[in-house]
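Here's the structure we're looking at; comments come further down.
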Amino acid sequence: HANVWKAIDVSVRVLPEDERRRFAELAVFALDAGAPETAVETLWEHTAGLKPRYARDLLRKFGARSLVRLAAASGRMTLHDLVHDFATGMAGDTAALDRVLLDAYRRKCPDGWASGPNDGYFLENLCGHLVAGGQAENAAALLGSPRWGLVKCGTGLVFSLDRDYGEVAEDE
Numbered sequence: 013h014a015n016v017w018k019a020i021d022v023s024v025r026v027l028p029e030d031e032r033r034r035f036a037e038l039a040v041f042a043l044d045a046g047a048p049e050t051a052v053e054t055l056w057e058h059t060a061g062l063k064p065r066y067a068r069d070l071l072r073k074f075g076a077r078s079l080v081r082l083a084a085a086s087g088r089m090t091l092h093d094l095v096h097d098f099a100t101g102m103a104g105d106t107a108a109l110d111r112v113l114l115d116a117y118r119r120k121c122p123d124g125w126a127s128g129p130n131d132g133y134f135l136e137n138l139c140g141h142l143v144a145g146g147q148a149e150n151a152a153a154l155l156g157s158p159r160w161g162l163v164k165c166g167t168g169l170v171f172s173l174d175r176d177y178g179e180v181a182e183d184e
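Numbering (my numbering), first residue to last: 13 to 184.
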């Protein structure tokens, strides 16, 4: 792993500082699941003012450097385990990173969390990011909201409610 770690370091070190920051921010997305490009675009629009086109271009650049894996068919970005660990080390305070992602999505929720986008990430992962960001009480309140349940059911995500409850219960 030491040689792979060094290769990752070289690939990241040659990036400009702002791109290194964008790379480190990818640590906010779950190791196994990654995220759709739309979620990365939401994050980077908030943290760097990147327009979606430029965010996609940067993801492609990271892909060319083998820092991310891009699935063209699904539009998902994932990180290899070691790359994710590297990005997490760069990011430092991952709870703060979760709060940054929450702030980015809060801008897309004109009428509270239940009015957020169905972008293939937000509805499925909001509770996990609330808990990881130190806001478990907000996640519990969200799960107590009939509106949240209706949104999840209405978008075909009724079974992901079980995971939401599990994340909140695990924190408590």
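Cβ coordinates follow ideal geometry from the N, Cα and C atoms, glycine included.
Task: Rounded C-alpha distance that separates Trp17 from Arg72 - done: 21 Å
- [ ] Determine the DSSP secondary structure at Gly124, reduced to helix, strand or coil.
- [x] strand
Task: Ala47 versus Pro129, Gly101, Asn137, residue with shortest Cα-Cα distance - done: Asn137
Task: Range covered by the alpha helix (DSSP H) that runs through Thr100 - done: 93 to 103
Task: Residues sharing a beta bridge with Thr90, DSSP - done: Arg81
Task: Boundaries of the alpha helix (DSSP H) in which Val24 is found, first to last residue - done: Element bounds for Val24: 14 to 25.
Task: At least 3 beta-carbon pairs within less than 8 Å: the region 76 to 88 vs the region 162 to 180 - done: Under the 8 Å Cβ criterion, the region 76 to 88 does not count as touching the region 162 to 180, having fewer than three qualifying pairs.
Task: Beta carbon proximity, Gly46 to chain B, threshold 8 Å - done: Among the protein chains of the structure shown there is no chain B, as only one such chain exists.
TODO: Would you mind sorting Leu162 into buried or exposed? The rule is 16 or more other CB atoms within 10 Å of its CB.
DONE: exposed
Task: Those runs of the beta strand (DSSP E) which lie wholly inside the region 116 to 160 and span at least 3 residues - done: none
Task: As assigned by DSSP and simplified to three states, the class of Ala67 - done: helix
Open item on the list: What does the alpha-carbon distance come out to for the pair Leu155 and Ser172?
Closed with: 12 Å
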